[in-house]
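Beneath this line is the structure, given in structure tokens, with notes to follow.
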Amino acid sequence: MYFTGQNQALKLTNCVFENNRGEGGDGGGAVFVNGGSATIINSHFVSNTATNGGAVCFNGTNQQVTNSSFVGNVATEHGGAISNGSATLQLTNSSFQGNQAPQGGAVYSDYGRSQLVNSVFFNNGGANTFVLEDGFSPSLAASFSVFESGATGYSDAGNNLLSTVSPFVSATSTQLRDCSPAINTGSNQAYSTANGPATDLAGNARQYNGGVIDRGAYEYQGNPTLLTVSNPAISTATVGQVFSQPFTASGGGSGQYSYSVVSSNLPTSLSVSSAGVLSGTPTQTGSYSVLVQVSDANGCVGVASAAYSLTVSNVALPCGTVVFVTQNGAGLQNGSNWANAFAGTALQTAINTATTCGAQVWVAQGLYKPTTGTNRSISFVMKPGVAIYGGFRGTEGQLGDRPTIIPIADQPSSSTLSGDLSGDDGPDFANNADNSYHVIKNDNNGLDNTAVLDGFVISGAMQMETIQLMSGAEPSTVLAVVPA
Ligand SMILES: [Ca+2]
Ligand SMILES: [Ca+2]
């Protein structure tokens, strides 16, 4: 069908366009609107082919497509289902499946501005689903719609869903399957604003039992079997203690649930089993999150409505507890003894873990740096009430068992705090440009003589700066080399 005419309008309703072909430079395998405004309602476009706009090519002013379905249309250049060069295109409650084009499997815009609402797209080319031509400021804003995972080219105007499995009953129909995420998740208000008709593409009432409208061209007739996942109620864990909490699925079709992780920053010590249990013995503190999905034997998938958050903390230590650190760490790396010492990269964590009521941090011989990265501004920070002792062999049971510390010989058993972050310092302090400004920096952090550093070699700090020396009430500015 070809339609042109400035300030003229066309309305198509209850039509099927099947196996039409439009060849040549412009396009529209089924419908070519070359000027004017078209309204397409409750229509079905199947297996049409064109150069641009396998089913429909819009060039004109204001276009509307509502309750319509596009399946298996092909463009040899742009827009497998629709090529839009019109001023505005409002797509409401429409479904797109298996449309193909080199650019824009579902919709291509060369300068058109499109709005999608309550619509469903699956298997239209993933990242190629929507293509907007650069340089003509086209736009394509979507809300209350469903896309296959990986679809790009649209701007998210809110309430969109991604699906890894088809929301449709088959590859050739855009009817919704019984567990489709499109069921009862549309916007009644948006449909009303678009003046949508009272019946869907199949002639059924658009709001089944008067409820929430579905996304797509068809309203599901019945009660859906949606799968959902609930996160565990407990959201805290302790370093070194066994943790086990289940995710809980409900709904869906038949068969056994199988759980998997959508996204996660969990440490390797914690994992989610296919039975939906998050378990393990955490070895480090931190805040973690994991988003879990569940599938059933019918291939229905439900994703938790939000990621599960887990905070892992150290057990609160009694006063006077010793926290142990070795260069490589050991065991659970929670600092409880030499066999479970914190790693050297967690020395600051160990200091932070120590309670301020007479705690000690025992550090074995080895090399310790303020950061494993390159930030020269990071330094070790001491803490009031915490004594930090170095020079241990890593086996001692008493403070007095340490090897004799002889500072003047510069050789205790060498727990070295080094600012040489790259490990490349040479003779005459060569290669110091990467070194920490301060290996230890206590900047007005409330220390008193209960904060002790005992038995360390401190080396490799590199800082030239102007500081203000506090001298009574009269600060004076001097240039000084600030020590490590
Ligand atoms: Ca519904
Ligand atoms: Ca260096």
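Position one of the sequence shown corresponds to residue 150 (the working numbering), numbered consecutively onward. Where is the CB? At the ideal position from N, CA and C, for every residue including glycine. Model, not experiment: these values are computed from the prediction.
Open item on the list: Below 8 Å, how does it come out for the segment 464-477 and the segment 340-350: are there three or more Cβ pairs, yes or no?
Closed with: With a cut-off of 8 Å, the segment 340-350 and the segment 464-477 do not count as touching, because too few Cβ pairs lie within range.
Task: Touching by the beta-carbon criterion (3+ pairs, under 8 Å), the segment 565-583 and the segment 514-534 - done: yes
- [ ] Leaving aside the five residues before and after N584 along the sequence, list all residues of the same chain whose C-beta is less than 6 Å from its C-beta, in chain order.
- [x] Listed in chain order, the non-local C-beta contacts of N584 below 6 Å within the same chain comprise G568, D569, G609, M611, local neighbours out to five positions each way being set aside.
- [ ] Output the distance between the C-alpha atoms of L628 and Q482, rounded to the nearest integer angstrom.
- [x] Low local confidence applies: a pLDDT of 36 at L628 is under 50, so the model's placement there is unreliable, and no value is given.
Task: Cβ pair count under 8 Å reaching 3, the segment 348-360 against the segment 307-320 - done: The segment 348-360, when compared against the segment 307-320, does not touch it at the 8 Å Cβ threshold.
Open item on the list: Any heavy atom of ligand 1 closer than 6 Å to the beta-carbon of Y303?
Closed with: no
Open item on the list: Using only the alpha-carbon positions, how far apart do L548 and G389 sit?
Closed with: 25 Å
Task: Nearest-angstrom Cβ-Cβ length linking A204 and F166, presumed shorter than 8 Å - done: About 7 Å separates the CB atoms of A204 and F166; that is less than 8 Å, so the two are in contact.
Open item on the list: Taking 7 Å as the threshold (C-beta atoms), are G425 and F392 in contact?
Closed with: no
Task: DSSP three-state assignment for I607, whether helix, strand or coil - done: strand
TODO: Quick one: grab the DSSP three-state call for Y151.
DONE: strand
Task: Host alpha helix (DSSP H) of I500 (start-end) - done: 496-502
Task: Cutoff 7 Å; reference G145; Cβ partners in own chain excluding five residues on either side - done: Outside the modelled stretch of the chain, which goes from 150 to 633, sits residue 145, for which no answer is possible.
- [ ] Look at the Cβ atom of Q514, then the Cβ atom of S564, and state whether they are nearer than 7 Å.
- [x] yes
- [ ] Would you tell me roughly how many angstroms separate the C-alpha atoms of Q157 and G209, rounded to the nearest one?
- [x] 10 Å
Open item on the list: Residues in the same chain with beta-carbon distance under 6 Å from F181, minus the five sequence neighbours each way, listed in chain order, please.
Closed with: Y151, C206
Open item on the list: Does P287 pass the burial test, meaning 16 or more other C-beta atoms within 10 Å, or should it be called exposed?
Closed with: buried
- [ ] Flag S567 as yes when its Cβ comes closer than 6 Å to any non-hydrogen atom of ligand 2, and as no otherwise.
- [x] Incorrect: S567 has no Cβ contact closer than 6 Å to ligand 2.
- [ ] Indicate the three-state DSSP secondary structure (helix, strand or coil) for N277 in the structure shown.
- [x] helix
- [ ] Return the CA-CA distance between F271 and N222, expressed in angstroms with no decimal places.
- [x] Distance between the alpha carbons of F271 and N222 is about 13 Å.
Open item on the list: I'd like to check one pair, V439 with V410: are the Cβ atoms closer than 7 Å?
Closed with: yes
TODO: Report the three-state DSSP secondary structure of D577 (helix, strand or coil).
DONE: helix
Task: Any non-hydrogen atom of ligand 2 closer than 6 Å to S571 Cβ - done: yes
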